[in-house]
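Some notes on the structure that comes next.
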Amino acid sequence: MSGRCALAVLALASLALASGCGGGGSAPPPPPPPPFTSITQVHVSQPVTFTAGCDGVAATGTLYTGTAVEPSLALNPLTPSNLIAAWQQNRWSDGGSQGLSLAASFDGGMTWTLTNAAFSRCTGGNAGNGGDYARASDVWLTFSSGAAYALSLSFTGGILQPGSSSAMLVARSGDGGMTWSVPTTLIKDGATAFNDKGSITADPNNASYVYAVWDRLTGATGGPSYFAVTADGGSTWQAPRSIYDPGPQNQTLGNQIVVLPVTDVLVNIFTEIDNTGGAGTSQLRAVRSLDHGTTWSAPMTISSLTAVGSTDPHTGAAVRDGSGIPAMSVGPGGVIYVVWQDSRFSGGQRDGIAMSRSSDGGITWSTPVEVNADPSVQAFTPAIHVRADGVIGVTYYDLRNDTSAAALLTDCWLVTSSDGVTFRETH
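The number in the numbering used here is simply the position in the sequence shown, starting from 1, with 74 added.
This is how it looks when you write it as C-alpha cells:
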C-alpha cells in the first residue's frame with residue numbers, strides 16, 4: 075500500500091510534500107519547516123456500485139460496499155499538476171475488492187475524473203483482455219517522464235486453495251491516467267503459489283525502465299521476492315524471477331524498489347519474516363542492483379522489526395494496520411529514508427513510527443529514531459516523501475483523540491523535518 079492516510083487527505087498531504095522549492099538547509103542544523111497554514115481537503119473517491127454478481131463466483135466473506143481502501147498516489151514529474159490516484163473499491167472481509175478504482179487530476183488535485191482498468195471482472199476484465207479475475211487488490215502507481223503505470227494483484231479463490239489463481243497485472247496510461255491499456259500479465263499462478271503485496275517503480279533516470287517486485291508465497295516452502303522489469307517503456311516485460319529467497323518457511327513482505335539519482339542503483343527494501351523453528355522474528359532488509367536488476371547483492375539488515383500491531387483502546391480488538399509494511403523515499407544526494415511501525419520506543423507496549431536512513435546507497439543504516447509527535451499513544455501505518463529541497467514528510471495515524479467507545483476514530487498527522495532530527499507536526 076503506497077498511500078497511507080485516507081484519500082480525502084492523501085492528495086493534499088502528498089501535494090504539500092511534493093510541491094515547494096528552494097534551497098535545502100545549511101549548517102548548523104536548520105529549524106523545522108513552517109507548518110502548512112492552508113490545507114484544502116479534497117474527496118477523491120466516489121461511491122461505486124458494481125453490477126450484482128459481476129465477479130462471477132459465489133460470495134465468500136462480507137462485502138463492504140462504499141469502502142475505498144489502501145490508496146496509492148502518483149505525480150507526473152513533467153507536469154506536477156497531473157496526479158493519479160487509485161484504491162480498492164468495495165472491499166471484501168476475506169481479502170481483495172470487487173475492483174480497483176482510478177482517478178486523474180490535472181489541476182493539482184482539486185478536481186478528479188474517475189476511471190478504471192480491466193484488472194478484475196467487475197471493472198471490465200475478461201478472458202480476452204487478461205483481467206478475468208474475481209477480485210483485485212494492492213494497487214500501486216508510478217509515473218515516469220512519459221507514462222504512468224498501475225500494478226494490480228488480481229485473483230480468484232482463496233490463497234493456495236484448490237482452483238484458485240493469482241496474478242500480477244500492469245496497465246499503462248499515456249494520457250495522464252484518463253485511459254489505461256489492456257493489462258499485461260507479469261506472472262500467473264494456480265493453487266500452488268500466491269503472488270502478494272506488489273509495488274512498481276519507474277526509473278527516474280531512464281524512462282525506458284520500470285521495475286515491479288512482490289512476494290510469491292508457496293506455503294511451507296516460503297515466500298521469496300520476485301522481480302520483473304521492462305526496458306522499453308512497458309511494451310515488453312522480462313520473465314519474472316526470484317531475486318531473494320529467505321529460505322523454507324520464511325518470506326518477504328512489502329517489497330519496494332527505490333532508484334538512486336545519477337548512479338541508477340536499485341535498492342529493494344522489504345520485511346523478512348523468519349519462521350524457522352517457530353521463532354516468528356522479523357527484520358527490515360535490503361538488496362541492491364547495479365545493472366537494472368540483472369544481478370542483486372546479498373541482503374543487508376536495516377533493523378529488527380518489533381511491531382505489536384494496533385488495537386482499539388476501548389475493546390482491545392485488533393485493528394488492521396500497516397505493521398510489517400515499510401515505506402521509503404530517496405532524498406537529495408541519494409539518501410534513502412525508511413519508516414515503519416515499531417514498539418521498541420515503549421519497551422514493546424505500543425507501536426510508534428521508526429525512521430532510519432542510509433547515505434551510502436543502502437549498505438549501512440542509522441540507528442532508528444521515533445518520529446511520531448505523541449509517543450504516549452499508538453501510532454501506525456506511516457508513509458514518507460522527501461522533497462527536492464531535502465524536507466522530509468512522514469504521515470501516520472494515531473488514536474490520541476479517540477475518547478469515546480461509541481466509534482473508533484483516528485487522526486492523520488504529518489510531521490516534517492529539514493534535518494531528520496527535529497520534527498514539526500501538522501494535523
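Think of the CB as a built atom: it goes at the ideal place given N, C-alpha and C, for glycine as much as any other residue.
query, result
"Please report how far the alpha carbon of residue 258 lies from the alpha carbon of residue 286, in whole angstroms.", "12 angstroms"
"Can you check DSSP and say which residues form a bridge with residue 508?", "The question about residue 508 has no answer here: the residues shown for the chain are numbered 75 through 501."
"Going along the chain, which residues of its own chain have a beta-carbon closer than 7 angstroms to the beta-carbon of residue 407, five neighbours each way excluded?", "none"
"Between which two residues does the beta strand (DSSP E) carrying residue 175 extend?", "171-179"
"Taking residue 316 as the reference, give the member of 236, 296 and 338 with the closest Cα.", "296"
"Using CA atoms only, rank isn't needed, just tell me which of 324, 434, 455 and 189 is closest to residue 427.", "455"
"Taking the alpha carbon of residue 304 as the point to measure from, which residue in 280, 320, 326 and 324 has its own alpha carbon closest?", "280"
"Which residue or residues does DSSP assign as beta-bridge partners of residue 460?", "466"
"What is the rounded straight-line gap between the Cα of residue 232 and the Cα of residue 353?", "26 angstroms"
"Answer yes or no: do residue 166 and residue 142 have a C-beta to C-beta separation smaller than 8 angstroms?", "no"
"How many angstroms separate the CA atom of residue 319 from the CA atom of residue 299?", "6 angstroms"
"Report the option in 193, 154, 274 and 471 whose CA atom is closest to the CA atom of residue 487.", "471"
"Short of 7 angstroms in beta carbon distance, which residues of its chain neighbour residue 374, apart from the five on each side in sequence? Order them along the chain.", "359, 360, 436 and 437"
"Can you name, in chain order, every residue of its own chain whose Cβ lies under 6 angstroms from the Cβ of residue 453, other than the five neighbours on each side?", "426, 427, 446, 470 and 472"
"Got a sec? Which residues, its chain only, sit under 8 angstroms from residue 200 by beta carbon, not counting five neighbours each side?", "192 and 206"
"Taking Cβ to Cβ, would you say residue 289 is nearer than 8 angstroms to residue 327?", "yes"
"With a floor of 3 residues, list each beta strand (DSSP E) that falls wholly inside the region 382-452, ordered by position along the chain.", "401-404, 410-416 and 426-432"
"Output yes or no for whether 8 angstroms exceeds the beta carbon distance between residue 342 and residue 329.", "yes"
"Which residues in the same chain have their Cβ closer than 6 angstroms to the Cβ of residue 131, if we skip the five residues on either side of it in sequence?", "208"
"Quick check on the burial criterion: 16 or more other C-beta atoms within 10 angstroms. Buried or exposed for residue 372?", "exposed"
"Grab me the residues of residue 443's own chain with a C-beta within less than 6 angstroms of its C-beta, minus the 5 sequence neighbours each way, in chain order.", "429"
"So, are the CB atoms of residue 211 and residue 247 less than 8 angstroms apart?", "no"
"Should residue 164 be labelled buried (16 or more other beta-carbon atoms within 10 Å of its own) or exposed?", "buried"
"Alpha carbon to alpha carbon, how far is residue 263 from residue 187? Give it in angstroms, no decimals.", "34 angstroms"
"Are residue 351 and residue 380 closer than 8 angstroms when you measure CB to CB?", "no"
"Within this structure, are the beta carbons of residue 133 and residue 250 separated by less than 8 angstroms?", "no"
"Considering only C-alpha positions, which residue in the set 291, 145 and 137 is nearest to residue 119?", "145"
"Report the option in 395, 238, 254 and 324 whose CA atom is closest to the CA atom of residue 245.", "254"
"Could you give the distance in angstroms between the alpha-carbon of residue 335 and the alpha-carbon of residue 147?", "21 angstroms"
"Go to residue 263, then tell me how far its beta strand (DSSP E) extends in each direction, as first and last residue.", "258-263"
"Quick check: the Cα distance between residue 370 and residue 364, rounded to an integer number of angstroms?", "8 angstroms"
"Only counting the same chain, and skipping five residues up and downstream in sequence, which positions put a Cβ closer than 6 angstroms to that of residue 331?", "275, 285, 287, 340 and 342"
"For the candidate residues 459, 240, 412 and 462, whose alpha-carbon lies nearest to that of residue 439?", "412"
"Can you give me the Cβ contacts of residue 169 inside the same chain, cut-off strictly under 6 angstroms, excluding the 5 residues immediately before and after it?", "none"
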